[in-house]
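Only one structure is covered here, and it is reproduced in the block below.
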Amino acid sequence: MKIKLMIMSTAGFLMLGPAWSDDAPQRCRAPVLIPETFETVTEQVLDQAERTEIRYSPAEYETVQEKVQVREAAIEYRIVPAVYEAVTEQVLVRPERTETHIIPAEYETYTEQVLVRQAYTTWKLKDEVVGRSVAADASVEGSAGEVLTPVDVPAEYKTVTRTRMVTAEQSETLIVPAEYRTLVKQVLGEPARVEPIEVPAEYETVSVERLVSPAREKIVVIPATYRTVEKRVITGGGTAEWRDVLCETAITPKTMKDVQRALTAAGFAVEADGVFGPATRRALEGFQREQGLGVGQLAFETLQALGVIID
């Protein structure tokens, strides 16, 4: 038997080419599962649809001072004074106007399932093939259907939160009535006699609101917004290939302990008991999938990746 040449490095053992003779009793042939490879792609999904809003600009007013006559000019007489009577008059203080009130739109939040990864069918080794191997000269390679069985992997979904309009924005126009002020005026009832005396008119200054700019409405379009989601798409793998594996008769307790220690060092903790049990098999498959190796058998390429030397 030839001796395998090893070089120690900080990352582990580097194996320099095949080091076992072709007639070595350890080498057998067995099917392994080539794991699927995935690619992450992004997709734009609608988050909030395009909508319109009505923006209202209220009317503008200015306050001005106006002089309003409250007493007419009259003539008084020294002997017989004039007689006056009081009358009331309505003076416009603020004209009638309209006001527009905006009733905002109402929205609700809802959740939706977004497809992240489509369902697909993968393959796994049949129970009667897993853990078994045959001699290299037995010529047992066959079709994938003889050693694999299909497994349906369901689609993956992601829950996203979105908002949608329940009630659109509305406007309501109200009429604000005009405001008046009641003034009392003195009206001549009987003029003075004998000596006329001029009595000048009397005025009162009042504040009046005058329209400067009427109310306006403007429709604004708010564009739609989108959200980016990620999906995983299968790009290859999911097939079976025949590889050189360590024969069952060559899997000694010492070899299994070396494999178990190497798996633990690689982050797949397993007890080093020298038994190729279910826990060791799960850890081995996890390491093989992580490294992109054939899954399901103790192949020589897996031993090389673990840095395990076969004596």
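Sequence positions in the sequence shown follow this note's numbering and run 934 to 1244. Glycine is no exception: its CB is placed at the ideal position from the N, C-alpha and C atoms. Nothing here was measured: the structure is a model prediction, and the numbers come from that model.
At which residues does the beta strand (DSSP E) containing residue i begin and terminate?
i, result
"Phe-971", "970-981"
"Asp-1177", "1172-1179"
"Val-1145", "1135-1146"
"Leu-1231", "Per DSSP, Leu-1231 belongs to no beta strand (DSSP E) and is neither H nor E."
"Arg-1011", "Note, Arg-1011: premise wrong, no beta strand (DSSP E); not H, not E."
"Ala-963", "960-967"
"Thr-1197", "Unbroken run through Thr-1197 is the alpha helix (DSSP H), 1186-1198; no beta strand (DSSP E)."
"Asp-1085", "1081-1086"
"Ala-1157", "First-last for Ala-1157: undefined, no H or E at that position."
"Lys-1057", "1053-1058"
"Glu-986", "984-990"
"Arg-1030", "1030-1036"
"Pro-1124", "Unbroken run through Pro-1124: none, as it is neither H nor E."
"Val-1208", "Neither: Val-1208 is in no beta strand (DSSP E) and is coded neither H nor E."
"Gly-1041", "Per the sequence shown, the amino acid found at residue 1041 is Glu instead of Gly. Segment 1039-1050, the beta strand (DSSP E) holding Glu-1041."
"Val-997", "993-1004"
"Gly-1022", "This sequence places Glu at residue 1022; Gly is not what is there. Glu-1022 -> beta strand (DSSP E) spans 1016-1027."
Within a Cβ cutoff of 7 angstroms, which residues of the same chain sit near residue i, ignoring the five residues on either side of it in sequence?
i, result
"Ser-1111", "Checking the sequence shown, residue 1111 turns out to be Ala, not Ser. Excluding positions up to five away in sequence, the list reads Leu-1025, Arg-1027, Pro-1028, Glu-1029."
"Glu-1128", "Tyr-1010, Arg-1011, Ile-1012"
"Gln-1023", "Tyr-1113, Thr-1115"
"Tyr-1040", "Thr-1096, Arg-1097, Met-1098, Val-1099"
"Ala-1238", "Gln-1224, Leu-1226"
"Glu-1089", "Val-1049, Arg-1050"
"Val-1016", "Gly-1122, Glu-1123"
"Gly-1219", "Phe-1201"
"Arg-1147", "According to the sequence shown, residue 1147 is Pro rather than Arg. These residues qualify, in order along the chain: Ala-992."
"Gln-959", "Trp-953, Leu-1179, Cys-1180, Ala-1183, Ile-1243"
For a quick check, are the C-beta atoms of residue i and residue j less than 8 angstroms apart?
i, j, result
"Thr-1055", "Val-1080", "no"
"Glu-1223", "Val-965", "no"
"Ala-992", "Leu-1116", "no"
"Val-1178", "Leu-1226", "no"
"Ala-1195", "Val-1241", "yes"
"Ile-1184", "Phe-1209", "yes"
"Ile-1155", "Arg-984", "yes"
"Ala-1268", "Gln-1002", "The question about residue 1268 has no answer, for the chain in this structure spans 934 to 1244."
"Ile-1008", "Glu-1123", "no"
"Thr-1092", "Thr-1042", "no"
"Val-1120", "Glu-1018", "yes"
"Thr-1188", "Ile-1243", "yes"
"Tyr-989", "Glu-1150", "yes"
"Leu-1107", "Thr-1021", "no"
"Ala-1038", "Ala-1157", "no"
So, for residue i: in the same chain, excluding its five sequence neighbours on each side, which residues have a beta-carbon less than 8 angstroms away from its beta-carbon?
i, result
"Val-1084", "Thr-1054, Thr-1055, Trp-1056, Lys-1057"
"Tyr-1159", "Gln-977, Val-978, Leu-979, Asp-980"
"Lys-1190", "Ala-1205, Asp-1206, Gly-1207"
"Ala-1212", "Val-1203, Glu-1204"
"Thr-1044", "Thr-1092, Val-1093, Thr-1094, Arg-1095"
With residue i as the anchor, note down where its alpha helix (DSSP H) starts and where it stops.
i, result
"Gly-1219", "1211-1224"
Which residues in the same chain as residue i place their Cβ atom closer than 6 angstroms to its Cβ, once the five residues preceding and following it in sequence are excluded?
i, result
"Ser-1104", "Ile-987, Thr-1033, Ile-1035"
"Pro-1014", "Ala-1125"
"Ser-1072", "The predicted position of Ser-1072 is uncertain, since its pLDDT is 43 and thus under 50; a value taken from the coordinates is nonetheless stated next. The answer is none, since no qualifying residue turns up."
"Ala-1006", "Pro-1133, Ala-1134"
"Phe-1233", "Asp-1177"
"Asp-955", "Below a pLDDT of 50, predicted positions are generally treated as unreliable, and Asp-955, at 47, falls in that range; no measurement from the model is reported."
"Ala-1052", "Pro-1087, Ala-1088"
"Leu-1236", "none"
"Lys-1118", "Val-1003, Val-1020, Glu-1022"
"Ala-1216", "Leu-1196, Phe-1201, Val-1203"
Can you find a CB in chain D that lies within less than 8 angstroms of the CB of residue i?
i, result
"Arg-1160", "The structure shown contains no chain D; it is built from a single protein chain."
key: Meets three-Cβ-pair contact criterion under 8 angstroms: the segment 961-976 and the segment 1157-1167   = yes
ask   = Pairing CB atoms from the segment 994-1002 with CB atoms from the segment 1125-1139, are three or more of them under 8 angstroms?
value = Contact between the segment 994-1002 and the segment 1125-1139 is present, because at least three Cβ pairs lie under 8 angstroms.
query = Which full runs of the beta strand (DSSP E) of 3+ residues lie inside the segment 1088-1113, going along the chain?
reply = 1089-1100, 1103-1109
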